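Participant: Going by our numbering, 62 is the number at position 62 of the sequence shown; the sequence numbering is gapless.
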Amino acid sequence: MKLGWLVVVLAFAACKSNDECEARAAKAEQIAAEARKEAEEARQVNEKLSKDLAELDVKLEAAVATVGNAQNDADRAAARAKLEELRKEARPIPINPTKSSGRKREDCLNNPLAKGC
């Protein structure tokens, strides 16, 4: 919320006419709305990943316990296979940098209303 108002204030700070101020304010509101939407999407992804990680942790603990409690070679081999399968599932999830629309250019960081930002 604070970011949205900051963008609006910055938009009004350097305008020369009322129309220009209104246009900048509309653009600033659009940027703020997009930022809020992206933040909500990131929060939802974070919650899902946290839940998935907790579920995987439970599965891994159970598999490790199964390996430790196995009574014969066949049980141990099956338990190790299950553990290896879970370890492969636990590999880091690749992040798609093209999906992120974060502004990285220096002029955009200094002035989010700069052309092309």
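For every residue, glycine included, the Cβ atom is placed at its ideal position computed from N, Cα and C.
Note that the structure is predicted; figures quoted are calculated from it, not measured.
Judging by CA-CA distance, which residue of ALA114, GLU106, ASN111 and PRO92 is the nearest neighbour of LEU53?
Facilitator: Position 53 of the sequence shown holds residue 53. Of ALA114, GLU106, ASN111 and PRO92, the residue nearest in Cα terms is PRO92.
Participant: What is the DSSP secondary structure of ALA90, reduced to helix, strand or coil?
Facilitator: As a position in the sequence shown, residue 90 is number 90, starting the count at 1. Coil at ALA90, not helix or strand.
Participant: Helix, strand or coil for MET1 per DSSP?
Facilitator: Counted from its first residue, the sequence shown places residue 1 at position 1. In this predicted model, MET1 has a pLDDT of only 48, less than 50, meaning its place in the structure is not dependable enough to derive any value.
Participant: Does the stretch 27–46 touch the stretch 60–76, meaning 3 or more C-beta pairs lie closer than 8 angstroms?
Facilitator: The stretch 60–76, when compared against the stretch 27–46, does not touch it at the 8 angstroms Cβ threshold.
Participant: Tell me the rounded alpha-carbon separation between ALA81 and GLU89.
Facilitator: Working through the sequence shown from its first residue, we reach residue 81 at position 81. Working through the sequence shown from its first residue, we reach residue 89 at position 89. Approximately 12 angstroms, taken between the alpha carbons.
Participant: Using the Cα positions of ASP19 and ALA33, report the straight-line distance between them to the nearest angstrom.
Facilitator: Walking along the sequence shown from the start, residue 19 turns up at place 19. Walking along the sequence shown from the start, residue 33 turns up at place 33. The alpha-carbon atoms of ASP19 and ALA33 are separated by roughly 21 angstroms.
Participant: Tell me the DSSP secondary structure of ASN72 in three-state form.
Facilitator: By one-based count along the sequence shown, residue 72 stands at place 72. Looking at ASN72 - three-state DSSP - the assignment turns out to be coil, as it is neither helix nor strand.
Participant: Report the residue from ALA62, ILE31 and ALA78 whose alpha carbon sits nearest the alpha carbon of ASN111.
Facilitator: Reading the sequence shown from its first residue, position 111 is the one you call residue 111. Looking at the Cα atoms, ILE31 is the closest of the given residues.
Participant: Which parts of the stretch 17–43 are runs of the beta strand (DSSP E), unbroken and 3 residues or longer, counting only runs that do not cross its ends?
Facilitator: Segments of the beta strand (DSSP E) lying fully in the stretch 17–43: there are none.
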